[in-house]
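A.B. asks:
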Amino acid sequence: MATNIVLVGGPNSGKSNYIARLWVSLSKNEGRLFAPTTPDKIEYVEKLVEHLFSGKFAPRSDSSLHEEGNDLVVDVAIRDANPAVSAALVVPDVLGEVWKNAVANSHLAQRWHDLVSTTTSALLFVHANSPDNFDALNWVTAGELLALGMGDSEAAGEIPTQVAMCELLRMLEDLLSKSERKPRVAVIVAAWDKLDPRERKSAPIQYLDKEFPLFAGRLRDALAIDVRVFGLSVVGGDLSEESFRQQLLETGVLGNGYVVFEHAGVVEESKDVTLPLQWLLGQ
Ligand SMILES: Nc1nc2c(ncn2[C@@H]2O[C@H](COP(=O)(O)OP(=O)(O)OP(=O)(O)O)[C@@H](O)[C@H]2O)c(=O)[nH]1
Ligand SMILES: [Mg+2]
0 MATNIVLVGG PNSGKSNYIA RLWVSLSKNE GRLFAPTTPD KIEYVEKLVE
50 HLFSGKFAPR SDSSLHEEGN DLVVDVAIRD ANPAVSAALV VPDVLGEVWK
100 NAVANSHLAQ RWHDLVSTTT SALLFVHANS PDNFDALNWV TAGELLALGM
150 GDSEAAGEIP TQVAMCELLR MLEDLLSKSE RKPRVAVIVA AWDKLDPRER
200 KSAPIQYLDK EFPLFAGRLR DALAIDVRVF GLSVVGGDLS EESFRQQLLE
250 TGVLGNGYVV FEHAGVVEES KDVTLPLQWL LGQ
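With the first letter of the sequence shown counted as 1, position 179 gets the number 178 in this note's numbering; the numbers rise by one all the way through.
Structural data, given as structure tokens:
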């Protein structure tokens, strides 16, 4: 039976670029999780990958994403796993607007509701240092500042990112299937390379503590699900910086990109970008 892994996160949170980087890793045997066979339908994902190979991030998805076939559907196995681990993975690339609307309306459309409730595994994305992240307004001073034209009035109507993340977590806690095992949610802090060098060495939960304390607190209290937090950089740097772009075009995508996570109190970095999936698959 296929194992669905649901990709959750608002617009621009890094979901499609992860799918692209994941497929490069699975198909080129870069990490411990690999694809032993070639999938039947991989055109959609290959198109995303082409962007990375030409030194650009894959663009934000548009609403045509809801057509059939915009999924990563692939058989995977874990190298040297004892007992052997294999799975038929289905990772649908869900448009960030779906999750944004679900938060705004406290309601998830039926199709996605069905998807979440038939799986035990989710990846929940938040984009580090994104201009699309909205801060919680300071209730005491915000009104006055906005009236004086000193605040960001566009942001005033937006749900603060950490509130949206808490709501998405709540949906996952409520909906993920508990029939087989305790559900697992891998929180992905995407674009980890955008942090300053000192921040990059800290545990991803520390970044959340600083930027989104409400959400970090909720993660610690989420007892009905198992949570791990990973920092992710799909190619190891920012392709909007010309010098890095040139460097990547010279060295290639393979071997670039990493995940950061905490293990037994120590912050580790690994070039194996499939690690969050390995954990979701029970490793
Ligand atoms: N620096 C850096 N930027 C990244 C990384 N991954 C994603 N980004 C940036 O984030 C943007 C959004 O990434 P997408 O993968 O399109 O995000 P998404 O969650 O699929 O967005 P929607 O399709 O709108 O739901 C990209 O265009 C990049 O600018 C990364 O590892 N490093
Ligand atoms: Mg996308």
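For every residue, glycine included, the Cβ atom is placed at its ideal position computed from N, Cα and C.
Bear in mind the structure is a predicted one, so any value in this text is a computation, not a measurement.
Less than 7 Å between the CB of F214 and some heavy atom of ligand 1, yes or no?
C.D. replies: Residue mapping note: residue 214 aligns to position 215 of the sequence shown, counting from 1. No, ligand 1 has no heavy atom inside 7 Å of this Cβ.
A.B. asks: Smallest Cα separation from L25: which of G54, L71, G9?
C.D. replies: For the purposes of this step, residue 25 is identified with residue 26 of the sequence shown, where counting begins at 1. That would be L71, whose Cα lies nearest to the Cα of L25.
A.B. asks: If we call anything under 8 Å between Cβ atoms a contact, is P10 one with D131?
C.D. replies: Against the sequence shown, residue 10 aligns to sequence position 11. Against the sequence shown, residue 131 aligns to sequence position 132. A contact, by the Cβ cut-off of 8 Å.
A.B. asks: In the DSSP assignment, the beta strand (DSSP E) including N3 goes from what residue to what residue?
C.D. replies: Walking along the sequence shown from the start, residue 3 turns up at place 4. First-last of the beta strand (DSSP E) with N3: 1 to 7.
A.B. asks: Any heavy atom of ligand 2 closer than 7 Å to the Cβ of G95?
C.D. replies: Here the question's residue 95 lines up with position 96 in the sequence shown. Checking every heavy atom of ligand 2 against the Cβ of G95, one is found closer than 7 Å.
A.B. asks: Around ligand 4, what residues have a beta-carbon under 6 Å from a heavy atom of it, in chain order?
C.D. replies: Only ligand 1 and ligand 2 can be found as ligands here, which leaves ligand 4 out of the picture.
A.B. asks: Tell me which residues share the same chain as A294 and place their Cβ nearer than 6 Å to its Cβ, disregarding the 5 neighbours each side in the sequence.
C.D. replies: Because the chain in this structure spans residues 0 to 282, residue 294 falls outside the shown range and cannot be described.
A.B. asks: Identify whether S26 lies in helix, strand or coil by the three-state DSSP scheme.
C.D. replies: Translated into positions along the sequence shown, residue 26 becomes position 27. Helix at S26.
A.B. asks: Sorted by chain position, which residues of the same chain lie with C-beta nearer than 7 Å to N287's C-beta, five sequence neighbours on each side aside?
C.D. replies: Since the first residue of the chain shown is 0 and the last is 282, residue 287 is not available in this structure.
A.B. asks: In this structure, how does DSSP classify G230 when only helix, strand and coil are distinguished?
C.D. replies: Here residue 230 corresponds to residue number 231 of the sequence shown, with the count starting at 1. Three-state DSSP puts G230 in a strand.
A.B. asks: For S152 and T160, what's the separation of their Cα atoms in angstroms?
C.D. replies: Within the sequence shown, residue 152 is the residue found at index 153, counting from 1. Within the sequence shown, residue 160 is the residue found at index 161, counting from 1. Unreliable placement is indicated for S152, whose pLDDT of 49 sits below 50; no coordinate value is reported for it.
A.B. asks: Measure the alpha-carbon distance for S12 versus A223 and round it to whole angstroms.
C.D. replies: The residue you call residue 12 lines up with position 13 of the sequence shown. The residue you call residue 223 lines up with position 224 of the sequence shown. In a straight line, the C-alpha of S12 is about 25 Å away from that of A223.
A.B. asks: Look at the Cβ atom of P203, then the Cβ atom of V252, and state whether they are nearer than 8 Å.
C.D. replies: Taking the first residue of the sequence shown as 1, we reach residue 203 at position 204. Taking the first residue of the sequence shown as 1, we reach residue 252 at position 253. It is not a contact, given that the beta carbons lie outside the stated cut-off.
A.B. asks: Would you kindly work out how many angstroms separate the C-alpha atoms of K270 and V97, rounded to a whole number?
C.D. replies: The residue given as residue 270 occupies position 271 in the sequence shown. The residue given as residue 97 occupies position 98 in the sequence shown. So the two alpha carbons sit approximately 31 Å from each other.
A.B. asks: Mind pulling the alpha helix (DSSP H) runs of 4 or more residues that sit fully within the stretch 59 to 100?
C.D. replies: Runs found: none.
A.B. asks: For the alpha helix (DSSP H) that R219 lies in, which residues bound it at each end?
C.D. replies: In the sequence shown, the residue the question calls residue 219 occupies position 220. Its alpha helix (DSSP H) spans residues 212 to 220.
A.B. asks: If contacts are defined as beta-carbon pairs under 8 Å, then E157 and F133 qualify, I think. What distance do you get, rounded to the angstrom?
C.D. replies: In the sequence shown, residue 157 corresponds to position 158, counting from 1. In the sequence shown, residue 133 corresponds to position 134, counting from 1. Between F133 and E157 the Cβ distance is about 4 Å, and since that is below 8 Å, they are a contact.
A.B. asks: Excluding the 5 residues flanking V266 on each side, which residues of the same chain have their C-beta closer than 6 Å to its C-beta?
C.D. replies: Indexing the sequence shown from 1 puts residue 266 at position 267. Counting only Cβ-Cβ distances below 6 Å, and skipping sequence neighbours, we find A202.
A.B. asks: What residue from D79, V162, L207 has the CA that sits closest to V228's CA?
C.D. replies: For the purposes of this step, residue 228 is taken as residue 229 along the sequence shown, with counting starting at 1. With distances taken between Cα atoms, V228 lies closest to L207.
A.B. asks: For T37, count neighbouring C-beta atoms within 10 Å of its own C-beta (all shown protein chains included) and say buried if the count is 16 or more, exposed if not.
C.D. replies: The count along the sequence shown starts at 1 and reaches residue 37 at position 38. T37 is exposed by the Cβ-count criterion.
A.B. asks: Helix, strand or coil for L276 per DSSP?
C.D. replies: Residue mapping note: residue 276 aligns to position 277 of the sequence shown, counting from 1. Looking at L276 - three-state DSSP - the assignment turns out to be helix.
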